[in-house]
Amino acid sequence: MEAQSTAVNYLPIIFQILVALGFVLFTMFLTHMIGPKRKTKDKLVSFESGIESIGNARQPFSIKYFLVAILFVLFDVEVIFMYPWAVNFRDFGVNGLIEMFIFIGTLLLGFIYIIKKGALDWE
14 MEAQSTAVNY LPIIFQILVA LGFVLFTMFL THMIGPKRKT KDKLVSFESG IESIGNARQP
74 FSIKYFLVAI LFVLFDVEVI FMYPWAVNFR DFGVNGLIEM FIFIGTLLLG FIYIIKKGAL
134 DWE
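Note that the sequence shown covers residues 14 to 136 in our numbering.
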């Protein structure tokens, strides 16, 4: 006989979530109320690892950094798919080898496209 899932079965989970949220809200409210409120000029200044800020943080800069970072993440995640294949490549046989060559070929085509577009050229 299978156990039926009803709303009553989820009450302990809902109760635990409510208690956790209540604790967080209570702690945040309490620390805000009893904590010190001394706002000085030095506390309101931006701080970055001990180096004083120079200029505006909203000034535009080249998008190349973000493009290279996104491309790195893309190809890095694709490489992660190769690990399970490498561990089990004997079990996959020739079909697994052919499929991995197709996968690597697709990655190579994407990489060639990126090179042709000049996405990695720093000027």
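Glycine included, every Cβ here is placed at the ideal spot set by N, Cα and C.
Output the distance between the C-alpha atoms of residue i and residue j, rounded to the nearest integer angstrom.
i	j	result
GLN29	VAL21	14 Å
GLY68	PHE74	13 Å
LEU87	MET41	38 Å
ILE115	THR19	47 Å
PRO49	LEU43	12 Å
GLY109	VAL92	16 Å
ILE111	ILE127	24 Å
ILE26	PHE36	15 Å
Taking the alpha helix (DSSP H) that residue i belongs to, which residues open and close that run?
i	result
THR19	Note, THR19: premise wrong, no alpha helix (DSSP H); not H, not E.
Give me the residue from the options with the minimum Cα distance to residue i.
i	options	result
LEU133	MET95, VAL81, PHE102 and LEU121	VAL81
ASP55	GLY48, ILE47 and GLU65	GLU65
PHE124	GLY48, ALA33 and LEU84	LEU84
MET113	LEU122, ALA99 and PHE36	ALA99
GLY131	LYS77, PHE39 and PHE36	LYS77
Could you name each continuous alpha helix (DSSP H) segment of 4 residues or more that falls completely within the region 53-126, going from the start of the chain to the end?
77-93 and 95-100
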